[in-house]
Every structure is written in structure tokens, then in C-alpha cells.
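Visitor: My questions all concern the structure below.
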Amino acid sequence: MSIFFRFSILCFLVVTTLFSTISAQRNFTLSGTIRDGSNGETLIGASVLVKNANGGIHGVVTNVYGFFSISLPRGEYSVTFSFIGYESQEKEISLTQNTTLPIELRPVSTALSEVVITEQRGNQAIARNEMSVVRMSIQAIRQIPTLMGEVDVIKAIQLLPGVMATSEGGSGFSVRGGAPDQNLILLDEATVYNAAHALGFFSVFNNDAIKDVAIYKGDIPVQFGGRLSSVLDVRMKDGNSKRLEGTGGIGLLSSRLTLEGPIIRDKTSFLVSGRRTYFDLFLPLSKNPMAQNVRLYFYDLNAKIVHQFSEKSRLYLSAYNGLDIFGTRLGEYMQFDYGNTTLTARWNYIYTPKLFSNLTMLYSKYNYAMGAEMGGAKFTWLSDLSDIGGKLDFTWFANTDNTVRFGTSSIYHMYSPGFVDFSLGGSMGMLFEGDIDNRLELGNNYALENAIYLGNDQKINEQISLKYGIRLSSFSNVGGDTVYYYDQNFNVTKAVKYTKGEFYNTHWGFEPRIGATYMIDDATSIKANYSRTVQYVQLAQTSTGGNPLDMWFPANPNIKPQKADMYAMGLFRNFQENKWETSLEFYYKDIFNCIDFKDHPNVMLNPQLYGEIRQGKGKAYGMEVMIKRPDGKINGWISYTLSRSERTIPTISKGKTYLAPFDRTHNFTIVGNFKISERHIFSANWVFYTGNAVTFPSGAAFYNGLWLPIYPEHRNEARMPNYHRLDVSYTIKSKPNPDKRWSYDWNFGIFNAYGRKNPWIINFKEERGADYKYAEMTYLFGIIPSVTFNFKF
Amino acid sequence: MEFFNIKQHSRRGVLHTPLSAIVRNVSGGVCNTPLRLVFGWFVALLCFSSCTEKIDLKLKTSETRLVVEGGVSFESCEIILSTTMPYFSSTDDIPFVSNAEVKITEFDENMQATRLFELIENPIKAGHYSYSATDNVYGQQRHTYRLNISLNEPIGGRNVYTSETVFPPIADRIDSVRAVWGQNLFVLMLAGRDRDTNSIRTGWNIEVFADDPDGENYYALIVLKNGVPLNDTLTRLLLFDNQMIRAANIGLRGVPMAYISDSSDAAAQEGDTLGLEIRGVSQDYYRYIHEFSNVYGGSNPMFGGVPANVRGNISDGAIGYFWAHGSRKAFDIADKSKSPTMKWCETLEQWLSPELFHLCP
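Chains Z and V, in that order, give the protein sequences. Mapping the first sequence onto the working numbering, position 345 (from 1) lands on 524, and the numbers just tick up by one. Mapping the second sequence onto the working numbering, position 101 (from 1) lands on 91, and the numbers just tick up by one.
Below you can see the structure in the form of C-alpha cells.
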């Protein structure tokens, strides 16, 4: 504890001394927002390169709101604004006062593209004082071939080094050996608790509404917290502020339509986007009476309004709602729905060109409802989880060499884990008379999660940059339900009912984060980083694939928050004038209070869920290699990850260290795009990874006339077969025609092109007569072709 | 599509117990059922057709362990000894363990040793050991039984294995059962109307009239049709405990405990003799049967956890269970003119109360 205390004092001292020395010097600030000139979308991560008369260079990049700020002494400067896929702009500026520049970059016209891009490629990946971060634009994600042609943010992320899908075709992902619930998934700052549609085969992010995605696999910035492994930061488009525009697509699985445009030109813009699958519409044509009665679809709706009061003040309202519906009318009726809703209101305010602020109010909800009605009997099961909260973030561009971030956040979590209503109508006839209505409710519980943070990004000299900060978080359980306490053997000792609103337990978290970048030369750097993360909520997930019924549950007096200390080091080098980016990263992660479930756990609708949980230590380490060609006629990347993830929990696996279910030794990915011509693009990706660590029987006993499988004493000692798959796609674009506003493209894809049968599960079965047993695998996908038509007007 | 298969005793099986079904339902076991059905649909649709395939897997074989099955009842005292074997073994390979010395010591309620049973191996069936009492008295309620096994050859590094179990009390009599023809609550809830006939399923509900001794009592039911047990394998026993009956304050007075569907293979006709055997098992054995059924049924990536061994009660890592329990039987002639005894209306709510959860693993 005291070490953190000292650390925070140190932080404070460093920051204050810095500012007192700096304020003595007379500097001016160059700031502004960089936008796409064609539609007014702000550009995230665009670079601003400032050269002074002596040839000295300073570079900054825009933040998630497209804003940049840089303080410079009075003087003449040549400033270059650039972003991949856009024509760069150069301006000569004579800085004699604080200057605000609204910059609009034009997307590259097709004829010039190659030249401009090659010229302007920077060494950002080398120079930026951050590591383990990958930012992908939606354009890059769209090129990756996918299952049934559905462009999918999460599937794209899963192709990066250190990120792995936890199950075949699933949306769950494991980052650097972490569990799938250790990823913070944010859509315009609001937490998305279940990013999966249709059992995970598709994710909830509709690509037409998404602008940009960043994944922090480590080196998590101080403004984020609450999860151990990663942050997936998904940003929705703001909406075209120049003209009304529509985009859409018709695919095998779903159709999409997005409308965006100005309400007041250059001031207020809107975006409305919808996607719905229509697989179910064809089911009535089936000859199978079962299929005819199935209701099966999902949809997503995104909406956003952005209003700019002035260059200093901007308001963003975003909303998302998605729902999955599975049902059948066979029998009488049975239905299961689940979905997420998020709402965010954000207000950017630029107090001074050096002080950028953002106030966020957010609401997020995940719920499911299951119901059946048959012969007058009704059965309903509801469960939900919602967050309501706010964040206030400041970025102070103190001077050329220091960028200070500080802020606070507060989120109130409301958990309603289970409500079951079971009623029998009068039609029960013989057994029952009258109506019966029975309810079961697992107590609602509440928690308040708070955090404050302070961090500084400091450039020491041309070679060395430092980043340091601290996040202080707390998590308080608030009364409302019955809390069971357990002894060492996990037997209930007492049950305490806390009154509503009573704060009965608080956990604290000190999360220091430090990083450094050392530039060896313009094309080479070494980065190192330490970060601590704390996680207070987790998913009651016993299976690797996960299912929508898995419920989130908070830390409380029984369960300590999970903590992770991660150490990472990386070597970054670009070749051929930044045409090739390569990186080599090593990480080592210690996890404390890591969670797993005891043998034979009962996690569903169990009021004594906490008695089923065991905590211990975890460890994950690995190496990630990436070779990337960001653009050009042939672009893409090759990545390889060598890793291990293990757990040691006293009462599990007899206390012996065992592999985490998502441990994968090797993970290899190739993603390639080949621009055959301006109108024709061929893309392919190939993945290979070691099979998941699983527990297979290691013997059998014949008992009571039945074969009882015998499992090894230790968990996860066996492996699923290795996984590999090739996907390809071919895109044909319409002829560019400046006279016509509309354009289209056709995308033809094949998922699992060579028909590899990758096992999703392996079951052990016995032939009737119990004298013959065998292993049987279930695989989900054969060769799946797809065709998608996308249009824009 | 076995992976969303429902345990035999809940859906595919011949028999249903409304009571235990409801409780298991609420505790999660059967709540899976509608869900699994729905998921099953989805997966079935995704795959269009079957997408399973046999594969060759090389499985490690863990150290050989002793397997003990058997116990003491009112009528018998039997132990079967065998060992574990590689997973892909067949029934011909079962290594029964011969020439062991198997003894069971009986203690009364004051833990005074009262009798010693020396079990003798059946000369025809290797590994099957039994004791025949001259007075025909075997297990007795509330007595403790201690099993001692001395092996001729060590298994799992040991020669000696022990276990101990208490014979739980059981009602002295099961007054009677009544077979009543009609609908079944469980079927109504989960399966709806029959697919082929579109009619509500009918069948025979078997009501129980019995005493239920004080204390926590756990029962396993076996349905008998014309004297033939329909569900006597471990995974198909109907399980219930008396706490839900207590909570409902109804006693075992006419509660329909088992159901034989007319559309099942075991469908009964008027005039058949239908009966129940009630076993009064210990809480730990009750848990064992649940775990056994779960492990036997296998797991899948959506619902199952990490597979784990069933926890038995034999010392030193041996597999299996040494039990002691008694049973009672009663019969009734199937007759459609009988009407049901119970009205459940006021009582279901109590059965569903959360306090009951921990009883239903």
C-alpha cells in the first residue's frame, strides 16, 4: 500500500514541478480538430507533424474526438496533417498567438492514391509512446473475409497477435491468456456486456455504423479500468455533416441500411443504422414442420446525433439496441430473447486550447427473457444487468512535451440475476384447480464503482518518452439482497440481509501504470511497460463457449476483486521507409484472485453462487510477432503468438497448476489483401492455432451396468485437435464515376475454403449394448460461400 | 445432435416425477430444457444437416484404480470389485478383481460392533462378493456399516480400502400407491402437445401414500410395471427429498410421484399392476447419484463445466460408492375410473421457495 502511496506522491511532484518550470516559458498553442472533408467525420489518430525552421520536429496525433493540441514557442512552422487513406495537407503557420485550425482532409482520389500514401506513411508505430495497442479503421476490417459475408469487428480483432477466439466461430475472445470476461468492450464509452449475436457467430457491431476500433491488449491507458486483460474501444460514426448519405448492404444472412446527414449543415448531424437477419423469413418454406415454426433472428439499431455548438463545444448522443430472438410456436409457444441497450451522452468542451474535457453520461443494459406457454402453463425467466453512470475526463496539453490526463468516473451497477415466474392456468384440469402463480426471485443487488486517475505522457528528449499514471478505484456493494457468508469449506455460515442503500462492503484498487519508449533511430524503438488492472465484476461462465444465460456477478465480501500485474517489452522496427512495420513483444502477467469454478458447480439460478467459486493465482506469458504491410498493392499482416496461460487454485485440480481453458501454445495468422486493380480486390486469411486445453476421460469404470468416464485428477491436460481455416473473398467495385453519387460493390466470399472440419466439441459416446465406445466431434462449418451486395448513395 | 440431449430421466425417459421435476427445473437442471431445445434448433439450422463425425483420439490412461460397487439393504449384502480401464474398453475387458478379502462390520446406534459379514466371492461371477445371513437379517436402519477390502494384489499402490456408511431410516411402510390416469404437469410444461397427435399427453400418475420419518430424508423411486422395474439403472432413478414435501406441509399423502406416459414404450394398460419401490437413501448417496447422472450424460461447450470425477465414499481414491439403504414397495391395479387425490394449488409456491435450492444439486 505504502508503495503506491509513495508512487502517487511522486507522480504529483513530477507533474507539479514540470508545470511550474514550463509556465515560465512563453508558448502558444496550436490546436484543432481534423475531419474528413467529404463527410465531416472526425479522424481518430490522424497525425500532426510540426517542423520548425531549424528542422526540429514535433508530432502529435488526434484523440478519439479528432482533437489535437500542441504548444510551441513563437515562430514559423510548417505543419503537415496526414492520415492513412487521405491526402495530406501542409500549412505554413506563423505562430504569434494561440491558433485553432479546423482541418479537413480529403480522401485520396483513386488515381493518386499509391503515391500519396507511400509518401506520407509515418513511423507512428515506432514513435508513439504506447504499445500493445492496435487501432483498425472500419475500412480495413471490411476487407477481411468473414462468415456469411457479415463484416465483423470482433472477428477482425481475433486475427491480431495475442488475441484469440475462445471457441469456433464465437465472439468471445481471450487477450494474452485472459478470460473472455476480462475484456472491457465499449461502444461510445458504454459497456457492452454481451457482444455476441446468435451464440457468438456474429457480433453486435454493425459495421456501417462504426468508425473506428482500438484494442488495448496491455498498456491500458489510465482512463480505462475495471477489466484485467484488455479494452476494446469501439466508436460509432458521427454522421455525415455535409450531405445526406445512405449506405447499405444485402447479404445472405442480413440486410443493412444506414442513413446519415446534416440536420444543420456543418453543425448538427445524425446517423441511423439498422441491421436485421432474415434467415427466418425463409423457414416457412421448409418442408420440416419444426423449421416452419421457428422464430429466429437478430437485429441491431444504432442512432447518433452530434451537435457542434462552437469549435469549443460539441454534444454527442448515441444509442444502441440489439436483440436476439429464438422461439418456436411448436407446442404452443416458447421464446428466448436477449440483447443489449446502450445510451451515451457526451459533451466535449475545450476550455482553453490546452485543456480538453469530455463529460459522459451513460446507461447500459443487458437482459434476457425466456418464456414458454403450453397447455395453459406459463413459464417466464427474466434476468438483467444495468449500469448508469458518468465519467469526466480531462486532457491537458501542458506543453510540447507533456500531456496530462485526469478524470473520474462513477458507475452504479444494478444486478437482477434471476426472476422466475411459473403459472399454471385453469386448463390443467385434473391435477389443479384454479390458477396457480408462483414466483422465484434471486435478490437484486447493487454496487457502486468509482475511480479517479491522473497520468502524464512525457517526452524527455528526442529518444526517450515516459508515461506514468495512477488510477484509484473502489467498488462498494450496496444492500438490497441477502448475502451468504461461507466458511473455509464453502459451507454457508450465515445469511445477512442488508437494507436497501446500505454500503456494506468496499474493495479498493491501486492501479499504477508506467511505460517508456526509447527511440533507437527513426525506424526502431524499444518500449517497456508495467500496468496493474483490477476487475470487480465477472461472468459466471463455466463453459468455454459461453452462452447468453451466463450472468455477471460482482465482487463482494466473499469474492475479492481480481488483480493483474502485467509486464511487457517490445521491439518495434519499420523497414523500407515505413512500408513494413514489424514488432516483437513479450509479456508476463501475474493474476491474483483469479476465479474458477469448483468441480460440479451449480451456477444457474443459484442464490449461493459464491459458494461455487474458488480463487487463486494465475499466470500468463508469451511472445507476439507481427509483420505488417499497412498499405500498398498487397497489404496485410502475418502474426504469430507463442503463449501460455495457467492457474493455480488450492481446491481445484488438487492444487496443482493447470492450464487455463484458453491456453493456446501457437497461434498463427495471415491476413492479405491484393488490389488487382482499382475495382478488384482479392482477400484471404488463414488461421492456425493449437487446440484448446480440455479435460478428456482418462479411463472408464463399469458401474451399475453403465460406463462411467474417469477423468484425470488435474484439469485441462488434453488438447482439442489443432485448428486451421482459410477464408477468401473477392470484391468488385463499381466504376468510379464522379457524375453519379451512388456506388456499389459485390463481395463474394468463402468461409472455410478448404472445408476443414474443426471440432467444436468432442463427445464420448457408447454404442447401444455398452460394449463399444467412441469419440465423436461436432463441427459447425463446412465450406460456406457468401455473397453480399453493398451500396452507397 | 447429442450435445443438447436431455438427461434420460427428464425428457426422453418413460417416467416423469412432477415434484422432483419442478424443483430440479427451478434449480437449473431442467430450465436448460426449453433453452437447450431452442439452442438445439438453432444449431440444427446452422448445420442444415448432421455435422458430427467419429474421430480417432488417443487418450491418456490414468493410473488404474479400484472400483467398488454395492452395499447393504434389507435383503442383501453384496459388493462388486473391478478396476478402471482405458476409456475405449468394452464389456469383455472388464477386469473384475478376484481373491479379495471383503468384510463388512455392523455397528449399532451407539457404535458398538454388532456383527461381522464376511463376503464370499461368487465362483461363477468373478469379482462379485456376497454374504448370506443364516437368519436372513441384513441391513438395519440407523446402523453403521464399515467396509474393509484387502486385495490380494495391490491396485493403485494399495492393498487395503475402506468405507463407512450409515443406513438411513425409512418409513416402516408405504401404505399404498394409486395409479390415476390423466395429464402430467411436467409434460405440459416442457413438451406441450404431442407432435404427431397434437393432443395433450396422457398417462398414469402414480400417487404415494407413505410415512415420512423425521429428519432430512432422501428418496429414490423405481417404477414397477407388472413387477418389472422400469428405471432401475442409477441414471434413471427418480429422486426427491422430503424437505419439499415438508415445506408444502402435505406429507406423502397422495402426491403423484411418477408418471408413465401413454406414448412411451412402457405405456401401461388398464389392468396392469403398477407399483413403486421407494428407497430411502443417504444425503451423500443422493448427491452421488446426481453427480453420476451428470457425468454420465457428458457435457457440452455451452452448458457443461469442466468435467470432473464423481465423488464417491471409498478411501484412497477408489471409485464408487458403498451404500446402505432399504426400500419399500406397493402396488395398484391400473383403473381409469379413479380420480386424483391432491389439489396442489396452495402448495406449489412453497415448493418453489428459494430455501429449497441447496437440496437440488
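Where is the CB? At the ideal position from N, CA and C, for every residue including glycine.
1. Any idea what DSSP makes of Z/MET956, helix, strand or coil?
2. Are Z/SER832 and V/SER52 close, meaning C-beta to C-beta below 8 Å?
3. Along chain V, which residues have their Cβ under 8 Å away from the Cβ of Z/ARG455?
4. Name the one or two DSSP bridge partners that V/ASN150 has.
5. Between Z/PRO829 and chain V, is there a C-beta pair that is closer than 8 Å?
6. Within the continuous beta strand (DSSP E) that includes Z/ALA814, where are the two ends?
7. Between V/PHE86 and Z/PHE654, what straight-line distance do the alpha-carbon atoms span, to the nearest angstrom?
8. Report, in whole angstroms, the separation of the C-beta atoms of V/LEU264 and V/ALA324, which I expect to be a contact under 8 Å.
9. So what's V/ASN303 in DSSP terms, helix, strand or just coil?
10. Which residue wins for smallest C-alpha separation from Z/GLN717, given the options Z/GLY659, Z/PRO740, Z/SER311, Z/GLY404?
11. Report the CB separation of Z/LEU905 from Z/TRP939 in whole angstroms; it is logged as a contact under 8 Å.
12. Could you name the residues of chain Z that V/THR155 contacts, counting a contact when the two beta carbons are closer than 9 Å?
13. With 8 Å as the limit, tell me which residues of the segment 897 to 912 of chain Z have their beta carbon closer than that to any beta carbon of chain V; keep them in chain order.
14. Compute the beta-carbon to beta-carbon distance between Z/GLY348 and Z/PHE960, rounded to the nearest angstrom, for a pair I have assumed lies under 8 Å.
15. Let me know if Z/TRP687 comes out buried or exposed under the rule of 16 or more other beta-carbons within 10 Å of its beta-carbon.
16. Pick out whichever of V/THR124, V/LEU71, V/VAL62 has its Cα sitting closest to the Cα of V/ARG132.
17. Which same chain residues end up closer than 6 Å to Z/ILE336 when comparing Cβ atoms and leaving out the 5 residues on each side of it in sequence?
18. Are the beta-carbon atoms belonging to Z/LYS768 and Z/TYR819 less than 8 Å from one another?
19. Starting from the Cα of Z/MET745, find the closest Cα among Z/ILE399, Z/TRP886, Z/GLU945, Z/LEU363 and give me that residue.
20. Locate the beta strand (DSSP E) running through Z/LYS985, then write down its first and last residues.
21. Measuring straight from C-alpha to C-alpha, what distance separates Z/VAL782 and Z/GLN322?
22. Within the same chain, show all residues whose beta-carbon is closer than 8 Å to that of Z/LYS390, passing over the 5 residues directly before and after it, in chain order.
23. According to DSSP, which residues form a beta bridge with Z/THR275?
24. Does any CB atom of chain V fall closer than 8 Å to the CB of Z/PRO964?
25. Please compile the residues from chain V whose C-beta is within a distance smaller than 8 Å of the C-beta of Z/ILE995.
26. Which whole-angstrom value is the C-beta distance of V/THR104 and V/GLU96, which I expect to be below 8 Å?
27. Kindly indicate which residue of V/GLY287, V/VAL213, V/ARG277 has the alpha-carbon position closest to the one of V/ALA169.
28. What does Z/ASP778 reach in chain V if we use C-beta pairs closer than 7 Å?
29. Determine, using beta carbons only, whether V/VAL415 comes closer than 8 Å to chain Z.
30. Which complete beta strand (DSSP E) runs does the segment 515 to 583 of chain Z hold, if anything under 3 residues is left out?
31. Cutting at 7 Å between CB atoms, please list the residues of its own chain near Z/ALA954, excluding the five before and the five after it.
32. Look at Z/GLY694 and Z/LYS646 and say whether their C-beta atoms are less than 8 Å apart.
33. Is there a C-beta anywhere in chain V that falls below 8 Å from the one on Z/TYR868?
34. Between the Cα of Z/ILE699 and the Cα atoms of Z/GLY235, Z/ASN302, Z/GLU368, Z/SER248, which residue gives the shortest distance?
35. Which residues mark the beginning and the end of the alpha helix (DSSP H) in which Z/SER722 is found?
36. Among the residues of its own chain, which have a CB less than 8 Å from the CB of Z/ILE963, if the five just before and after it don't count?
Guide: For this structure:
1. strand
2. no
3. What Z/ARG455 touches in chain V: nothing, since even the nearest Cβ is about 17 Å away.
4. Note that residue 150 of chain V corresponds to Val in the displayed sequence, not to Asn. Answer by DSSP bridge pairing, in chain order: V/SER140.
5. no
6. Residue 814 of chain Z is actually Asn in this sequence, not Ala. 813 to 827 is the extent of the beta strand (DSSP E) around Z/ASN814.
7. 57 Å
8. Their Cβ separation, rounded to whole angstroms, is 5 Å, which keeps V/LEU264 and V/ALA324 in contact under 8 Å.
9. coil
10. Z/PRO740
11. With 8 Å as the limit, Z/LEU905 and Z/TRP939 do not qualify as a contact, their Cβ atoms being about 18 Å apart.
12. None at all; the shortest Cβ gap to chain Z is about 16 Å.
13. ALA897, PRO900
14. 7 Å
15. exposed
16. V/VAL62
17. Result list for Z/ILE336: VAL342, ILE394, in chain order.
18. Contact flag unset, no.
19. Z/ILE399
20. What the structure shows of chain Z is the stretch from 180 to 972, and residue 985 of chain Z is not part of that stretch, so it cannot be assessed.
21. 40 Å
22. Close CB contacts of Z/LYS390 within its chain, under the 8 Å cut and outside five residues either way in sequence, are with GLU220, ILE223, SER316, ILE317, ARG414, MET415, LYS416, ASP417 (chain order).
23. Z/THR275 pairs with nothing; no bridge assigned.
24. no
25. A query on residue 995 of chain Z cannot be resolved here, the shown segment of chain Z reaching from 180 to 972 and no further.
26. 5 Å
27. V/VAL213
28. Going along chain V in sequence order, the residues near Z/ASP778 (Cβ under 7 Å) are ALA298.
29. No statement about residue 415 of chain V is possible, as the shown extent of chain V runs from -9 to 351 and does not include it.
30. 534 to 553, 556 to 578
31. The beta carbon of Z/ALA954 sits closer than 7 Å to those of ILE941, PHE943, all from its chain and outside the five residues before and after it, given in chain order.
32. Taking 8 Å as the Cβ cut-off, Z/GLY694 and Z/LYS646 qualify as a contacting pair.
33. no
34. Checked all of Z/GLY235, Z/ASN302, Z/GLU368, Z/SER248; the closest Cα to Z/ILE699 is Z/ASN302.
35. Note, Z/SER722: premise wrong, no alpha helix (DSSP H); not H, not E.
36. LEU326, MET327, ILE929, PHE930, ASN931
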